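Quick note, the sequences are listed as chains W and G, same order. This note's numbering puts the first residue of the first sequence at 1, with every later residue one more than the last. This note's numbering puts the first residue of the second sequence at 1001, with every later residue one more than the last. For every residue, glycine included, the Cβ atom is placed at its ideal position computed from N, Cα and C. This one's a predicted model, so the numbers in the text were calculated from it and none came from an experiment. All remarks here apply to the structure that follows.
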Amino acid sequence: AQSVTQLDSHVSVSEGTPVLLRCNYSSSYSPSLFWYVQHPNKGLQLLLKYTSAATLVKGINGFEAEFKKSETSFHLTKPSAHMSDAAEYFCVVATVSGGSYIPTFGRGTSLIVHP
Amino acid sequence: GAVVSQHPSRVICKSGTSVKIECRSLDFQATTMFWYRQFPKQSLMLMATSNEGSKATYEQGVEKDKFLINHASLTLSTLTVTSAHPEDSSFYICSARDRDLGDYGYTFGSGTRLTVV
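What follows is the structure, encoded as structure tokens:
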């Protein structure tokens, strides 16, 4: 079985300050991990993905995430928030489940950016 | 990069009618297609998984006779909401797995907002 927990439903930051969105996962097998962003009334856009290569993964728009197996975490960070970063962020884990590779979504974290 | 084209982006239909949502993989072959449903301010819930040429596998609690999924080719999957009711109003998103990229190649459609009146 696999699951993913996004520890914060909302994160509020000021423009120009660092962003940290937390994600913990559980999986019986080596997982693939993803972060997606969803702007209001839009589809999902892939930010970055971890696929058992480098543990520090760099994505688009200045985001990066570090895979820490000992902590079963895959937190998303950005050094300096921009107003356009305000959106919903989903952490996704994908491992074998019932013979198929199925992505499981976290509940999402809403990032609010103040001027 | 890989693109999944999902249509329509928005649809309003009357109660009792059926609505078809299409997802096409552009420039890659999708061996597996996932269909998700998203309620307002909630995460995506997997409805069903379909493999090309096979019957879809539905998650517990999802009515297979109401949500018909067809995955007849490696580039096209459809979800038909039959006899739609207001409670079916939701945001539906498909995700395709690229045959060549395997487990690492998930691409999402842009979603369909269904409103049943």
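Check: Beta-carbon neighbours of ARG107/W, restricted to chain G and to distances below 9 Å; Outcome: GLN1042, SER1043
Check: Cutoff 6 Å; reference SER1025/G; Cβ partners in own chain excluding five residues on either side; Outcome: VAL1004, THR1075, ALA1096
Check: Cβ of GLN45/W within 9 Å of any chain G Cβ; Outcome: yes
Check: Buried versus exposed call for ILE60/W [16 or more other C-beta atoms within 10 Å across all chains shown]; Outcome: exposed
Check: C-beta contact flag for VAL93/W and SER9/W at 9 Å; Outcome: no
Check: Between the CA atoms of SER70/W and GLN1038/G - distance to the nearest angstrom; Outcome: 32 Å
Check: CA-to-CA distance, VAL13/W to CYS1094/G, given in whole angstroms; Outcome: 31 Å
Check: Segment contact flag, the segment 1003-1021 of chain G with the segment 1107-1116 of chain G, C-beta cutoff 8 Å, min 3 pairs; Outcome: yes
Check: N- and C-terminal bounds of the beta strand (DSSP E) containing TYR50/W; Outcome: 44-50
Check: Buried versus exposed call for HIS75/W [16 or more other C-beta atoms within 10 Å across all chains shown]; Outcome: buried
Check: Outcome for ALA81/W when other beta-carbon atoms lying within 10 angstroms are tallied against a minimum of 16; Outcome: buried
Check: Proximity below 9 Å, CB of GLN1060/G to CB of ARG107/W; Outcome: no
Check: Boundaries (first-last residue) of the beta strand (DSSP E) holding PHE74/W; Outcome: 73-78
Check: Where PRO1086/G falls: helix, strand or coil (DSSP); Outcome: helix
Check: Beta-carbon spacing of THR1057/G, GLU1022/G below 9 Å; Outcome: no
Check: Bridge partner(s) assigned by DSSP for TYR1058/G; Outcome: ALA1048/G
Check: Closer than 9 Å at the beta carbon, the chain W residues around GLY1111/G; Outcome: GLN38, ASN41, LYS42, GLY43, LEU44
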